[in-house]
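Chains as they are written, first to last, in the numbering used here: chain A, 1 to 436; chain B, 437 to 747.
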């Protein structure tokens with residue numbers, strides 16, 4: 001058993017090797033093209049195009065039969081599929097550019113109407129005299145395991161060519177993905193580029209459809225790209241990662257389905273890709289859920305601690321006599337801002353852990369030397385921003401506190417310097433412009 | 437082929453299905469979620485498989501429950517992935533339905549050794565066969581599929597009438613709906629449940645392609661003709677009903693021209709809806725291509741003196 005797994009994973013068997021390599025190449029090319037589709041917010045295009053090929057397949061079959069040839073010639077059927085796919089995408093682009101309907105409705109329209117036409121055409125074709133259309137419908141649900149050598153080579157070659165073309169057009173595709181209006185103002189032929197991008201999708205879809213099946217090709221165009229997006233904010237890395245994820249899920253999925261015989265390879269590959277997606281969604285370093293929640297929690301803690309220090313400082317300021325660092329009673333500190341008892345004690349613990357507080361009587365809070373300095377700095381930033389708003393943005397004094405409350409935590413030293421220049425020679429801590 | 441009572445029943449069933457899809461479909465198109473019907477009709481496979489394993493029989497009621505439950509889950513997962521992961525909704529939908537379909541396929545294949553469960557024949561009913569399965573209500577006798585779709589229609593209609601203002605507000609301005617105290621999230625899931633139930637009821641009885649087409653195309657057609665919500669829903673229903681009738685008519689009248697008896701009605705119904713859409717696209721009163729071209733010409737005539745004087 002174990003040896004069988006190793007054999008399959010490392011492509012020992014010739015047949016599996018061919019199948020797995022071609023599926024991996026398909027994963028690479030659809031990963032790259034899918035990344036552009038995702039950024040163009042047209043991920044479901046593979047779904048649309050794979051349905052839109054049906055009338056072309058039916059009509060190609062009917063024409064071949066009428067001309068007296070066998071209808072099931074693969075190149076002709078693929079040609080028919082490609083033509084009707086291209087017609088579908090032109091329809092979609094025409095709807096988008098001449099009506100108020102959005103992409104989603106245009107895509108849904110093309111998908112359902114073309115597929116409906118295809119079903120109707122197949123209904124006619126199956127009743128044509130002299131035609132053997134049995135199995136034509138299963139044309140759209142390919143079977144990876146029964147892929148023959150020529151099919152695999154065809155897929156591999158087409159996938160390679162499509163990836164190369166997509167990489168060559170990277171600059172143009174990036175432009176229309178990120179800023180369509182700018183692209184057209186710079187004189188780029190946006191519609192032509194759209195057609196080129198979708199033509200690549202059509203090619204990959206048509207090839208993949210026949211070999212690995214409808215559902216896999218749709219998934220291949222969406223899942224690797226979306227998973228890659230969680231790990232990086234840079235397009236180059238995203239393309240690379242998306243291609244890698246496509247290849248990896250193709251490899252693992254095809255290998256697994258080889259080990260557990262009679263598992264449909266397409267479905268196993270989709271499940272592998274979906275697992276990679278789930279991992280990426282939670283742990284992706286750039287946009288994953290866990291890192292994002294962690295960052296949010298960290299920010300919230302910092303903000304809370306800074307609010308605590310400023311509250312202590314403002315209480316010290318109100319005490320009669322010169323400003324001095326004396327213990328502040330816990331009760332007055334708690335009453336100074338709106339916070340829940342739990343939050344309050346958590347922030348206190350946090351500030352103590354960062355050496356901003358010194359041990360003192362149990363019902364009092366004493367700022368440490370660094371804590372006092374930090375409190376002064378935060379209070380000063382807060383006041384500088386308030387003054388800036390009052391003088392230069394004409395905001396009423398009673399309104400500035402809330403705004404400054406949010407901004408004080410993110411004022412960098414550079415902005416603070418600019419504020420100092422703007423607001424004149426007051427280097428010390430300005431008086432609060434409003435009642436605290 | 438001549439038109440018989442049989443054909444009337446097929447057309448009527450198709451019309452009921454089209455209208456019951458057009459109502460939630462209008463909201464889907466407005467909310468830019470047109471592909472939901474397609475997603476749900478692929479995604480329900482594991483629900484069907486699990487219901488089958490649980491009951492051990494190909495009984496339609498448990499299957500309906502399983503499918504509808506997974507349909508609602510599809511909407512939920514899509515929503516979560518797009519909200520928590522910050523993923524484009526189309527992509528989220530694609531991930532969910534392909535994965536669910538794949539899981540369903542694996543479930544079915546791994547059980548295929550000892551059961552007979554062919555996805556294509558369990559999943560999808562055929563509208564041509566609906567008059568063969570009649571049920572009677574007192575003195576009336578009608579196809580089971582017509583009864584099912586009629587029931588969905590009544591359900592959808594009553595939900596939309598009862599919650600019309602909530603649906604409208606949350607479709608156009610979800611944050612205002614939230615501040616006014618209608619939960620737009622609740623309305624969203626209600627709509628998704630409506631779509632899931634409608635989709636499953638319809639494809640189980642008449643086939644999936646009709647559902648996918650009738651959720652989108654009539655509503656999109658109506659949106660080209662009017663900008664008001666109530667007329668839009670009414671037009672969508674009318675377009676849906678017309679295309680169902682026209683579609684069946686085409687299915688039995690066009691193939692004989694080529695010497696073939698007939699073709700698949702569900703396909704021609706979707707195609708007929710497409711034809712009506714194209715007609716609206718060209719001839720719609722304000723936003724049709726013709727109206728746009730005329731307006732463009734008028735504007736050019738109007739502008740040309742300025743252009744001349746400047747030149």
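Ideal placement from N, C-alpha and C gives every residue a C-beta, glycine not left out. None of the values given here were measured: they were computed from a predicted structure.
For residue 697 (chain B), the chain A residues whose Cβ falls inside 9 Å of its Cβ are 127, in order along the chain. Cα atoms of residue 663 (chain B) and residue 463 (chain B): separation of roughly 13 Å, rounded to the nearest angstrom.
In the DSSP assignment, residue 612 (chain B) falls within the alpha helix (DSSP H) that extends over 610-615. DSSP, reduced to helix, strand and coil, places residue 101 (chain A) outside both helices and strands of the structure shown, so it counts as coil. Contact check for residue 385 (chain A) against residue 410 (chain A) fails: the beta carbons are separated by 8 Å or more.
Scanning its chain for C-beta atoms nearer than 6 Å, with the 5 sequence neighbours on each side dropped, one finds around residue 77 (chain A) the residues 57, 60, in chain order.
Counting along the chain, the unbroken beta strand (DSSP E) around residue 579 (chain B) starts and ends at 576-579. Boundaries for residue 280 (chain A): no beta strand (DSSP E) harbours it, while the alpha helix (DSSP H) harbouring it runs 265-283, taken from the DSSP string. Counting of Cβ neighbours within 10 angstroms places residue 723 (chain B) among the buried residues, the total reaching 16 or more.
Cβ atoms of residue 725 (chain B) and residue 232 (chain A) stay farther apart than 8 Å, at about 43 Å. Where residue 364 (chain A) is concerned, there is no enclosing alpha helix (DSSP H), although the beta strand (DSSP E) around it starts and stops at 364-367. Taking residue 38 (chain A) as reference, the option from B:440, B:524, B:461, B:534 with the minimal CA-CA separation is B:524.
Under the Cβ criterion of 8 Å, residue 449 (chain B) is not counted among the residues facing chain A.
In this structure residue 637 (chain B) is not in contact with residue 566 (chain B), their Cβ atoms being roughly 13 Å apart against a cut-off of 8 Å. Under DSSP, residue 357 (chain A) shares a beta bridge with A:367. Excluding its 5 nearest sequence neighbours in each direction, residue 433 (chain A) has C-beta neighbours in its own chain below 8 Å: 383, 386, 387, 390, 397, 400, listed in chain order. At a beta-carbon threshold of 8 Å, the residues of chain A lying near residue 659 (chain B) are 100, 101, 105, ordered along the chain. Using a CB distance cut-off of 8 Å, residue 710 (chain B) counts as an interface residue toward chain A. Membership of residue 573 (chain B) in any alpha helix (DSSP H) is not indicated; the residue belongs instead to the beta strand (DSSP E) covering 570-573. Assignment of residue 290 (chain A) by DSSP, reduced to helix, strand and coil, places it in the helix class. Nearest neighbour of residue 47 (chain A) by Cα position, chosen from A:19, A:198, A:327, A:242, turns out to be A:198. Contact of residue 38 (chain A) with chain B is assigned, a C-beta pair being separated by under 8 Å. Residue 395 (chain A) and residue 405 (chain A) have their C-alpha atoms roughly 14 Å apart.
Secondary structure note for residue 644 (chain B): its alpha helix (DSSP H) is the uninterrupted segment 644-661.
Listed as beta-bridge partners of residue 329 (chain A) by DSSP are A:364.
In this structure, DSSP gives residue 602 (chain B) a helical state, which the three-state scheme calls helix. Interface annotation, residue 41 (chain A): in contact with chain B, CB-CB separation under 8 Å. By the CB criterion at 8 Å, residue 101 (chain A) and residue 538 (chain B) fall outside the cutoff. Contact note: residue 609 (chain B) does not reach chain A at a C-beta cutoff of 8 Å; the least C-beta distance is about 17 Å. At least one CB atom of chain A sits nearer than 8 Å to the CB of residue 713 (chain B). Sixteen is the threshold: since fewer than 16 other Cβ atoms of the shown chains lie within 10 Å of the Cβ of residue 326 (chain A), the residue is exposed. Remark: C-beta atoms of residue 49 (chain A) and residue 88 (chain A) approach each other more closely than 8 Å. Flagged as an interface residue toward chain A: residue 468 (chain B), by a C-beta distance shorter than 8 Å.
Within chain A, the residues whose beta carbon sits less than 9 Å from that of residue 530 (chain B) are 43, 44, 46, 47, 218, 219, 221, 222, 223, 226, listed in sequence order. The Cβ atoms of residue 316 (chain A) and residue 348 (chain A) do not sit closer than 8 Å to each other.
Using a Cβ-Cβ cut-off of 8 Å, residue 702 (chain B) counts as an interface residue toward chain A, since at least one Cβ of chain A sits closer than that to its own.
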